[in-house]
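Chains A and B, in that order, give the protein sequences. Position 27 of the first sequence, counted from 1, bears residue number 27 in our numbering, the numbering being contiguous throughout. Position 7 of the second sequence, counted from 1, bears residue number 122 in our numbering, the numbering being contiguous throughout. Built from N, CA and C at the ideal position, the CB exists for glycine as well.
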Amino acid sequence: EAAVTQSPRSKVAVTGGKVTLSCHQTNNHDYMYWYRQDTGHGLRLIHYSYVADSTEKGDIPDGYKASRPSQENFSLILELASLSQTAVYFCASSDAAGGSAETLYFGSGTRLTVL
Amino acid sequence: AQKVTQTQTSISVVEKTTVTMDCVYETRDSSYFLFWYKQTASGEIVFLIRQDSYKKENATVGHYSLNFQKPKSSIGLIITATQIEDSAVYFCAMREGSNNNAPRFGAGTKLSVKP
């Protein structure tokens, strides 16, 4: 069973502060993703990566940076947190073996509240 | 650009009946993959079923099946003999077949199954 671990599970941050959300997977998956969930918007893609040391912008990358220092780890960085970034953040991973057909394995999510 | 639309915000059904959830998608790729995921009340997101664009036969897994209407760019999820534990939010997703891209999700449909 694929395992994707996110930390922290929840966080309260102050406006203008820096926030780092971490994601670790133990299944040798090549692809990793960060999605944001807000009521009424489903899951929106922020950044993703298909190889270590490289990241790609998703649909809503503004205000977010991503880092993939190794195959196992993928971080999402909010340099200057804003109220509008209050949301639940999900990390996911997938294998490259089947190409685009591979399904996603999700972490448990991080609930971020910016005050 | 790829896009996934779920117009049903919520559905309520009586236990043991059949429910259909709608999803339409937009893509310019001739090859793509369609997925349905389930988010439980705890927040966990799990893969349910998938349809490859080149396959004519509708996918079936357990009491989940798909109604794939390619000319209409539609992929409906059908749940037969619904159970209380099917109550959840269901997300439709699409991933284009070209290399190194990421799945996009719809806004989700909340299903409530009542006794």
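- Query: Exposed or buried, which one is B/I160 when buried takes at least 16 other CB atoms within 10 Å?
  - Reply: Here the question's residue 160 of chain B lines up with position 45 in the second sequence. By the neighbour-count rule (16 or more Cβ atoms within 10 Å), B/I160 is buried.
- Message: Quick check on this structure: which residue in A/P8, A/S108, A/L104, A/P69 has the alpha carbon closest to the alpha carbon of A/L21?
- Response: Taking the first residue of the first sequence as position 1, residue 21 of chain A is located at position 21. With distances taken between Cα atoms, A/L21 lies closest to A/P8.
- Within chain A, partners of B/N173 - CB distance below 9 Å: Position 58 of the second sequence, counted from the first residue, corresponds to residue 173 of chain B. Near B/N173 there are no residues of chain A at all, since even the closest Cβ is about 17 Å away, more than 9 Å.
- For A/Y48, go through chain B and note every residue whose CB falls closer than 8 Å to its CB, in chain order. For the purposes of this step, residue 48 of chain A is taken as residue 48 along the first sequence, with counting starting at 1. Neighbours of A/Y48 on chain B, chain order: A217.
- Same chain only: Cβ atoms within 8 Å of A/V14, ignoring 5 sequence neighbours per side: Here residue 14 of chain A refers to the residue found at position 14 of the first sequence. Contacts found: A81, V114, L115.
- Query: Taking C-alpha atoms, which residue in B/A208, B/I190, B/T142, B/V176 lies nearest to A/Q45?
  - Reply: The residue given as residue 45 of chain A occupies position 45 in the first sequence. The amino acid at residue 45 of chain A is misidentified as Gln; the sequence shows Leu. Here the closest residue by C-alpha is B/A208.
- Task: Leaving aside the five residues before and after B/S188 along the sequence, list all residues of the same chain whose C-beta is less than 7 Å from its C-beta, in chain order.
- Result: As a working mapping, residue 188 of chain B is identified with position 73 in the second sequence. Excluding positions up to five away in sequence, the list reads V139, Y140, E141.
- CA-to-CA distance, B/T195 to B/R210, given in whole angstroms: As a position in the second sequence, residue 210 of chain B is number 95, starting the count at 1. As a position in the second sequence, residue 195 of chain B is number 80, starting the count at 1. Distance between the alpha carbons of B/R210 and B/T195: 26 Å.
- Message: Can you confirm whether the stretch 214-225 of chain B touches the stretch 162-172 of chain B when touching is taken to mean that 3 or more C-beta pairs between the two stretches lie within less than 8 Å?
- Response: no
- Query: On the three-pair Cβ rule with 8 Å, is the stretch 176-192 of chain B touching the stretch 149-164 of chain B?
  - Reply: Below 8 Å, enough C-beta pairs join the stretch 176-192 of chain B and the stretch 149-164 of chain B to call them touching: three or more.
- Message: Measuring only the C-alpha atoms, how far is B/Q117 from B/G212?
- Response: On the second sequence, residue 117 of chain B is found 2 positions in, with the first residue counted as 1. On the second sequence, residue 212 of chain B is found 97 positions in, with the first residue counted as 1. One C-alpha to the other measures close to 11 Å.
- List the residues of chain A that B/R143 touches, going by C-beta distances under 9 Å, in chain order. Here residue 143 of chain B refers to the residue found at position 28 of the second sequence. Those do not exist, as B/R143 stays about 14 Å from chain A at its closest Cβ, beyond 9 Å.
- Query: Name the residues in the stretch 149-164 of chain B whose C-beta lies less than 8 Å from a C-beta of chain A; which are they?
  - Reply: F150, Y152, G158, E159, I160, V161, F162
- Item | Beta-carbon contacts of A/D59 that lie in its chain and below 7 Å, excluding the five residues immediately before and after | The count along the first sequence starts at 1 and reaches residue 59 of chain A at position 59. Here the set comprises R44, L45.
- Message: Determine, for A/T5, whether the minimum Cβ-Cβ distance to residues of chain B falls below 8 Å.
- Response: Position 5 of the first sequence, counted from the start, is the residue given in the question as residue 5 of chain A. It does not: the Cβ of A/T5 has no partner Cβ on chain B nearer than 8 Å.
- Query: Name the chain A residues whose beta carbon is nearer than 7 Å to that of B/G223?
  - Reply: Walking along the second sequence from the start, residue 223 of chain B turns up at place 108. Those within 7 Å of B/G223 in chain A are G42.
- Message: I want to see whether chain B comes within less than 8 Å of A/Y33, judged by CB atoms only; does it?
- Response: For the purposes of this step, residue 33 of chain A is taken as the residue at position 33 of the first sequence. With 8 Å as the cut-off, A/Y33 counts as an interface residue toward chain B.
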